[in-house]
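Chemist:
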Amino acid sequence: MAILMDGKAVSAAVREEVAREAAALTEQYRQPCLAVILVGDDPASEVYVRNKHKACEACGIRSLQYHLPADTDMPTLLALVQKLNNDPTVDGILCQLPLPQGLSEKEVILAIDPKKDVDAFHPVNTGRIMSGDYGFLPCTPAGIMELLHRYGVTVKGKNCVVIGRSNIVGKPMAMLLLNESGTVSICHSKTEDLAFHTRNADILVAAVGKPRFVTADMVKDGAAVIDVGINRMPNGKLCGDVDFEAVQQKAAYITPVPGGVGPMTIAMLLKNTITATRNHWEEEK
Ligand code: GUN
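Mind the numbering: the sequence shown is residues 3 to 287 in the numbering used here, read in order.
(1) Give the list of continuous alpha helix (DSSP H) stretches no shorter than 4 residues that lie fully inside the stretch 151-229.
(2) Please report the straight-line C-alpha distance between Asp204 and Lys212, rounded to a whole angstrom.
(3) With C-beta atoms as the reference, is Ala209 less than 7 angstroms away from Gly242?
(4) Would you say Gln98 touches the ligand GUN, meaning its beta carbon is less than 6 angstroms from a heavy atom?
(5) Beta carbon of Cys58, beta carbon of Leu82: below 7 angstroms?
(6) With distance defined between alpha-carbon atoms, name the residue in Lys239, Glu48, Thr277, Ala60 nearest to Arg17.
(7) For the candidate residues Thr185, Asp89, Pro34, Phe215, whose alpha-carbon lies nearest to that of Leu196?
(8) Just list the residues that DSSP pairs Gln67 with in beta bridges.
(9) Say yes only if the C-beta of Asp75 is nearer than 6 angstroms to one or more non-hydrogen atoms of the ligand GUN, and no if none qualify.
(10) How many angstroms separate the CA atom of Thr142 from the CA atom of Gln30?
(11) According to DSSP, which residues form a beta bridge with Asn233?
(12) Considering Leu82, what are the terminal residues of the alpha helix (DSSP H) in which it resides?
(13) Could you spell out the range, first to last residue, of the beta strand (DSSP E) harbouring Ile95?
(14) Would DSSP call Ile268 helix, strand or coil?
(15) Applying the 10 Å Cβ sphere with the 16-neighbour rule, what's the burial state of Met266?
(16) Is Cys189 near the ligand GUN, judged by its Cβ being under 6 angstroms from some heavy atom?
(17) To the nearest angstrom, how far is it from the Cα of Val163 to the Cα of Glu286?
(18) Thinking C-beta only, is Asp115 closer than 7 angstroms to Pro34?
(19) Answer yes or no: the CB of Cys58 versus the heavy atoms of the ligand GUN, is any distance below 6 angstroms?
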């Protein structure tokens with residue numbers, strides 16, 4: 003029976019560290035500040051943004067919220083980003099994705115000052131991740147690495163399989179695993195004989211977006227299985243990309259949904275905001 007990787011507990015520990023650092027910065031420099039932009043009224047995004055706001059408040063990070071209507075045009079959105087780029091009291095800027103149809107995610111990401119890009123989505127930061135020179139770490143992959151570390155799962159020399167090749171999770175996840183000397187495969191919707199790859203994985207990361215996609219026959223005995231999926235079922239319940247009940251019988255470690263990767267993502271965002279504030283302070287010294 004697998005050991006449950008408790009993202010709630012680990013994220014609470016990280017948040018305590020963040021709260022201590024936020025208090026020290028507030029006393030010695032100024033209060034760390036994260037600005038979050040939400041465009042439109044996607045219900046899932048509204049929940050994510052509310053959770054980010056609550057997490058900031060609980061840790062002593064100032065949280066600025068900008069909720070723009072779905073029919074906002076690109077110049078208006080870019081003008082807000084510029085205003086926040088130029089505000090010396092704002093350390094981090096995050097524009098919640100996806101954006102409504104007609105707005106360019108690429109343009110917004112490019113407009114955010116890389117020094118304030120706490121999502122690590124700007125090409126300057128993704129490029130730094132490629133070369134192992136880390137400024138900001140991408141929040142979901144960094145949260146997964148933190149879970150692996152805290153549960154003593156070593157990556158070096160292990161077969162690591164990431165299912166999903168998104169810019170937000172799959173690609174940066176592969177880079178972080180590679181940086182710790184894992185042997186990494188990225189699988190995706192066009193991969194032939196997916197189970198052949200996954201059955202060989204010591205560390206399996208599922209970021210597919212399909213409920214219970216990873217079944218027990220796809221998992222190696224004793225693997226660490228990380229479930230990034232958050233799928234809302236018709237009964238309103240959340241379900242991951244992994245068939246949790248069956249896979250937990252076979253894996254050595256597994257993350258639950260909810261309460262696994264999700265809370266870690268927010269914890270890493272808070273950490274990145276503290277990093278941004280520290281960098282600001284260093285620059286001003
Ligand atoms: N949408 C889903 N995940 C994320 C994230 O980590 N950052 C942003 N900005 N949008 C998201």
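Beta carbons: idealized from backbone N, C-alpha and C, even for Gly. Given the structure is predicted, the values throughout are model-derived calculations rather than measurements.
Modeler: The relevant details are as follows:
(1) 172-181, 196-200
(2) Asp204 and Lys212 have their C-alpha atoms roughly 22 angstroms apart.
(3) No, the pair does not count as a contact, with Cβ atoms beyond the cut-off.
(4) yes
(5) no
(6) Ala60
(7) Phe215
(8) Per DSSP, Val38.
(9) no
(10) 30 angstroms
(11) Cys241
(12) First-last of the alpha helix (DSSP H) with Leu82: 76-88.
(13) 94-97
(14) In the three-state reduction of the DSSP assignment, Ile268 falls in the helix class.
(15) buried
(16) no
(17) Their backbone Cα atoms lie some 42 angstroms apart in a straight line.
(18) no
(19) no
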